[in-house]
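Notes follow once the structure below has been shown.
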Amino acid sequence: MVLSFFRLLFLIPKLLWNLAGIKRTIRKSKRKFKRVLVKSGVPKELAEELANEYALPDDIISLKALVKIPKYLKYTRRT
Numbered sequence: 001m002v003l004s005f006f007r008l009l010f011l012i013p014k015l016l017w018n019l020a021g022i023k024r025t026i027r028k029s030k031r032k033f034k035r036v037l038v039k040s041g042v043p044k045e046l047a048e049e050l051a052n053e054y055a056l057p058d059d060i061i062s063l064k065a066l067v068k069i070p071k072y073l074k075y076t077r078r079t
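Per this note's numbering, residue 1 is the first one in the sequence shown, and the count goes up by one each step.
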């Protein structure tokens, strides 16, 4: 029981660090995509719409989604 708790203490910061990196990468790619569209001659408003439409929503990568992961892992592990 104590060992599981210590593993959890090490796992939570790692998950949060990975989440921050993924969100940063997604936002950076969205900005770059919009910038390339504007440089290629697409109007700024249309580029904004396309960037928002094709970007991953932030609710996919959220803390609520991370909380649900251990529930699914519990059912997939067989010991």
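Even glycine gets a Cβ: it sits at the ideal position worked out from N, Cα and C.
- Counted as a single uninterrupted DSSP element, the alpha helix (DSSP H) harbouring GLY21 occupies residues 2-39.
- Looking at the backbone, the Cα of ALA20 and that of LEU56 are separated by about 15 Å.
- Secondary structure at ALA51: helix, using DSSP grouped into helix, strand and coil.
- When the Cα atoms are used, VAL2 and ILE12 turn out to be separated by approximately 16 Å.
- Judged by DSSP in its simplified three-state form, LEU46 adopts helix.
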